[in-house]
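For what it's worth, the working numbering labels the leading residue of the sequence shown as 5, then goes sequentially.
Backbone N, C-alpha and C define an ideal beta-carbon position, used for all residues, glycine too.
For reference, the structure is listed below as structure tokens.
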Amino acid sequence: MFAPKVTLFNGQVAFVTSNVSRPFVISLVPTVGNFAVGFTPIIANIPEGVSLTVSAVISADRRYVRLSVNPNFTNVTDVFTFSFQGGGGVGGQQGQQGQQGQQGGQLGQQGGGNFGNGVGTGVGGIGGAGGQGGQGGQQGQQGQQGQQGQQGQQGGGLGTTTIQQPVVEQVTVTTTVSVPDGGTVLLGGVKRLREGRSMAGVPILNKLPYVSRLFKNTGVGRETESLMMMVTPRIIIQEEEEEALLGY
5 MFAPKVTLFN GQVAFVTSNV SRPFVISLVP TVGNFAVGFT PIIANIPEGV SLTVSAVISA
65 DRRYVRLSVN PNFTNVTDVF TFSFQGGGGV GGQQGQQGQQ GQQGGQLGQQ GGGNFGNGVG
125 TGVGGIGGAG GQGGQGGQQG QQGQQGQQGQ QGQQGGGLGT TTIQQPVVEQ VTVTTTVSVP
185 DGGTVLLGGV KRLREGRSMA GVPILNKLPY VSRLFKNTGV GRETESLMMM VTPRIIIQEE
245 EEEALLGY
């Protein structure tokens, strides 16, 4: 039961709302950074409830009120979800670092080999040490590159992204009526039917072909809801209200 009261001047419009906002992720916007790709969710708030717009015009003899009533009923009946695969950006960055490590290892191998050959012409012992140093630098760079490349592959795995598409049921009624001062107008005829299906049975046996009907029960539940709205205008004359409140 919802019984709001509003006061407005002659010819103005009043709004009454009783809604609950439900957030949904309806879309995604790709965001590109340094060696990384992400998604920014777009969230939409869907109102669910009842809203009423009413305007009142008083007749010249102050006996009747012409009401323009516009009730709106909104309800989220179902939500569809869509999932798809999206790439990770951190793995791409690690993979780039692994590639740079491999290039650095190749340069270290060439530099170490040249140093070993040049020094080996004069002093064989130093040349041999230089060659071993170049080989050790190559192995170290390859090991670092392999570790970073593995981390990049792990971080760059595909992830699941989900968006939501709500199904909104909306009922709108627009009417104009003339109501005497203190009278009531009833707006009805808006009905909602909700149907649900439930099943209960013996596990395993209720899935056997041909004999499954003997081990399960299926029930269908229906719920009917009727929406009615009553509007009662009352003309307020300021002089009369002042006399009633102040007593003179």
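- Fewer than three pairs of CB atoms, one per stretch, sit closer than 8 Å, so the segment 204-214 makes no contact with the segment 172-179.
- DSSP lists Asn221 as the bridge partner or partners of Ala204.
- Looking only at Thr35, Gly200, Met233 and Ser216, the smallest Cα-Cα distance to Gly223 is reached by Gly200.
- Within a 10 Å sphere around the beta-carbon of Leu212 sit fewer than 16 other beta-carbons, which makes this residue exposed.
- Per the C-alpha coordinates, the member of Gly53, Pro34, Ser216 and Pro184 positioned closest to Thr44 is Pro34.
- Taken atom to atom, the span from the alpha-carbon of Ile240 to that of Gly193 is near 31 Å.
- Assignment of Ser63 by DSSP, reduced to helix, strand and coil, places it in the coil class.
- Scanning its chain for C-beta atoms nearer than 6 Å, with the 5 sequence neighbours on each side dropped, one finds around Arg196 the residues Glu229, in chain order.
- Apart from the 5 residues on each side of it in sequence, Ala18 sits with its Cβ closer than 7 Å to the Cβ of Val10, Leu12 and Val58 in its chain, given in chain order.
- C-alpha of Arg67 to C-alpha of Val189: approximately 15 Å in a straight line.
- Glu52 is positioned such that its CB atom lies no closer than 7 Å to that of Arg70.
- When DSSP reads this structure, Gln168 sits in a beta bridge with Thr85.
- Bounds of the beta strand (DSSP E) holding Leu32 are Val17 to Gly37.
- Between Gln168 and the set Leu32, Asn76, Val61 and Thr236, the nearest pair of CA atoms involves Leu32.
- Between Thr81 and Val24, the C-beta spacing is not below 7 Å.
- Per DSSP, Leu250 is one residue of the alpha helix (DSSP H) stretching across Gln242 to Leu250.
- The continuous beta strand (DSSP E) containing Val181 extends over residues Thr179 to Pro184.
- Secondary structure of Asn210 (DSSP, three-state): helix.
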